[in-house]
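First residue of the sequence shown: 231, per the numbering used here; consecutive thereafter. From the three backbone atoms N, C-alpha and C, an ideal C-beta is built for every residue, glycine too. Notes for the one structure printed next.
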Amino acid sequence: TAGEVAQDLKEVVYCVGGFVRDLFLKVPNFDMDLVVEGDGQKLATELAERLGGKVRVHDRFRTAVVTLPDGTKIDVATARTEYYEYPAALPKVEKSSLKEDMYRRDFTINTLAICLNPGHFGDLIDYFGGRKDLMNGSIRILYNFSFVEDPTRILRAIRFEQRYRFTIEADTLRFARDAIERRMLGRLSYKRILAELILILNEKDPVPALERIRGTGVWKYLLPEIDVDDVSWKTIKRVPVVMGWWEEQYYSRKIKPWLIYIVVFFAQLSFEQVEAEMQRYPFDRYAKGCIMDSLGIPALAEDISRRSYLSPSDLDKMIASVTNENLIYLLLCIKDEEAWDRVARYLDLKDKIELEVNGYDLLELGLKPGPIFKEILDELYYLKLDEKIHNYE
Ligand code: ATP
C-alpha cells in the first residue's frame with residue numbers, strides 16, 4: 231500500500247534499515263522504517279487514512295509514525311533533497327537523496343533499501359556493499375570518522391556484532407579502538423549512555439556484548455562507578471536463564487529485562503552510591519523505585535531461605551508489592567532449592583486465584599463498611615492462597 235500511495239503522490243518510497251537487514255538474515259523484525267523521496271509526512275498521513283491507522287508527525291525531523299489498527303508501527307522519514315553548489319559555476323546538482331540518507335547511517339549492513347513503488351517493487355538498492363557485508367558477517371562503518379562523529383556507534387557495533395555473531399571488520403575495529411583511546415565516549419551525556427546501555431541489556435543474551443565491552447575498555451564509560459571485577463558475573467549469566475524460565479511460566483507478568491541487570495550491577499554499591507547514580511542517570515520513576523527497593527532484596531532472600539516453612543499467604547505478606555524485576559532478582563539471590571520452589575509456587579497460585587467476593591457482597595450480608603471490609607477480604611484471599619477454600623461450584 232505504501233508503494234501505491236507513493237505512486238499516487240508521485241514520490242518514491244523505500245523500506246530501509248533494520249527491517250531489510252533482518253529480512254536477509256531471516257530474523258523476525260516488526261519495526262518497519264520507510265524513507266520517502268518527497269514528502270514523508272504527506273505519505274504517512276495518506277497511508278494511515280487508507281489503512282485505518284493513526285498518524286503522528288514530528289515537524290522538526292520531518293518524520294512521522296503510523297500506527298496500524300493491529301499495533302504495528304511504521305516510521306516514515308523524509309530523505310533530504312540537498313543541493314550542492316559546485317565551485318566554478320557548475321550547475322547545482324541534486325544528489326540522490328536516498329543515498330544521502332543511507333550515508334548518514336551507522337554500518338553498511340543498515341544501508342540496504344528495497345523500493346516499494348509498483349513497477350519497481352522489491353528492487354534492492356545497495357550503495358555501500360551492505361549485502362556483501364551481511365553475507366560475510368561484517369560490521370563496517372561508512373567513513374573513517376564515523377565513531378568520532380557519533381561514539382554511540384561503538385556500542386552499536388558491539389551490540390550488532392554479538393547479536394548476529396558477526397565480526398567488526400578490521401579497519402572499523404581499528405577506528406573504534408582509536409576513538410575509545412581518544413576518550414570519545416566520555417563526551418556522551420548520561421542520557422545517551424543509558425539509552426544505549428538499555429538497548430544492550432535488552433538483547434536476548436547481552437552477556438557476550440558485556441564481555442566485549444569489558445575487553446575493549448569501554449566499561450568505564452558505561453558504568454564507571456561499578457567495579458567490573460567485583461560484579462557477580464555468575465549471577466549476571468544466570469539472568470537470561472531465569473528470565474527465560476520466568477517468561478514461560480508467568481508470561482503475563484511483564485518485565486523490563488535491562489532493569490534486572492542494572493539491579494545486579496548496583497548490588498555492590500552502598501545506599502549513598504545508589505542515590506548518586508539516580509541523580510546521574512535519567513531513570514524513569516518506576517526504574518528508580520525498583521532500584522531503591524532492590525537494596526532490600528538480598529536480606530529478604532536470606533530471610534525466606536532461613537525459614538523452614540512459609541505458606542503462600544506468609545509469602546504474600548512479605549513480597550506482594552515487590553516488582554517483577556525484583557522478584558527475579560530475589561530468585562537469583564535465593565540459593566536454597568526449597569525456598570525457591572516455595573516462591574515459585576506462591577507466584578503460580580497468585581496468578582491463578584481470584585477472589586469472587588467483594589465489598590458489595592459484604593454490604594449485602596448487612597455488614598457495616600469500614601476497615602473490617604479489608605480485613606475480611608484479605609483473610610479470604612489468604613485462605614484461598616493457602617488452598618483452604620476453593621471456588622464455589
Ligand atoms: P534493532 O533491531 O536493534 O531495532 P535497528 O537497526 O532497527 O536495530 P534502530 O536503533 O531502530 O536500530 O535504528 C534504525 C536505523 O537508524 C538503523 O538501521 C541505523 O541505520 C540508523 N541509526 C540508528 N542509530 C544510529 C546512529 N547512532 N548513527 C547512525 N545511524 C543510526
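*Hey, would you say D336 sits closer than 8 Å to C345, going by beta carbons?*
no
*Roughly how many angstroms separate the alpha carbons of A309 and A274, rounded to a whole number?*
14 Å
*asked:* the ligand ATP and T308: does the residue's C-beta get closer than 7 Å to at least one heavy atom of that ligand?
replied: no
*Any heavy atom of the ligand ATP closer than 7 Å to the CB of R413?*
no
*Would you mind reading off the limits of the alpha helix (DSSP H) that contains E267?*
No alpha helix (DSSP H) holds E267; the beta strand (DSSP E) holding it covers M262 to E267.
*Say the cut is 7 Å; is the CB of T382 nearer than that to a heavy atom of the ligand ATP?*
yes
*Closer than 8 Å, CB to CB, is A439 near chain D or not?*
The displayed structure is made up of one protein chain only, and chain D is not part of it.
_According to DSSP, simplified to helix, strand and coil, what is A660?_
Nothing about residue 660 can be reported from this structure: the residues present for the chain run from 231 to 623 only.
*Roughly how many angstroms separate the alpha carbons of L415 and L424, rounded to a whole number?*
12 Å
_How far does the beta strand (DSSP E) with D305 in it extend, from its first residue to its last?_
K303 to T308
*For the candidate residues S541, G282 and L277, whose alpha-carbon lies nearest to that of D305?*
L277
*May I ask you to report which of helix, strand or coil DSSP gives A439?*
helix
*Output the distance between the C-alpha atoms of D608 and A550, rounded to the nearest integer angstrom.*
12 Å
*In this structure, does DSSP put S524 in helix, strand or coil?*
helix
_Please state whether the Cβ-Cβ distance between D356 and L342 is less than 8 Å._
yes
*Measuring from the CB of G247, is there a heavy atom of the ligand ATP at a distance below 7 Å?*
yes
*Alpha carbon to alpha carbon, how far is E568 from I384? Give it in angstroms, no decimals.*
44 Å
*Considering only residues of the same chain and omitting the five flanking positions on each side of A319, which have a CB-CB separation below 7 Å?*
A caution first: A319 carries a pLDDT of 45, below 50, which makes its placement in the model unreliable, though a value can still be read off. Closer than 7 Å at Cβ, skipping near neighbours: no residue.
*Just to confirm, does D578 get its C-beta within under 7 Å of one of the non-hydrogen atoms of the ligand ATP?*
no
*On the three-pair Cβ rule with 8 Å, is the stretch 522 to 542 touching the stretch 597 to 608?*
no
*How would you call G233, buried or exposed, if buried means at least 16 neighbouring beta carbons within 10 angstroms?*
buried
*Where does E234 sit, in a helix, a strand or coil, going by DSSP?*
helix
*Three-state secondary structure (DSSP) at F337?*
strand
*Under the DSSP definition of a beta bridge, which residues are partnered with V287?*
A294
_Local Cβ density within 10 Å of G447, reported as buried at 16 or more and exposed below that_ = exposed
_Extract the residue ranges of the alpha helix (DSSP H) inside the stretch 425 to 494, only unbroken runs of 4 or more that lie entirely within it._
437 to 445, 449 to 452 and 463 to 479
*Verify whether the separation of the beta carbon atoms of L364 and F254 is less than 8 Å.*
yes
*asked:* Are there any heavy atoms of the ligand ATP lying less than 7 Å away from the beta-carbon of N664, as far as the coordinates show?
replied: Residue coverage of the chain in this structure runs from 231 to 623, which leaves residue 664 outside it and unanswerable.
*For the beta strand (DSSP E) holding Y244, just list the boundary residues, first then last.*
V242 to V246
_Neighbour-count burial assignment, A506, 16 or more Cβ in a 10 Å radius_ = exposed
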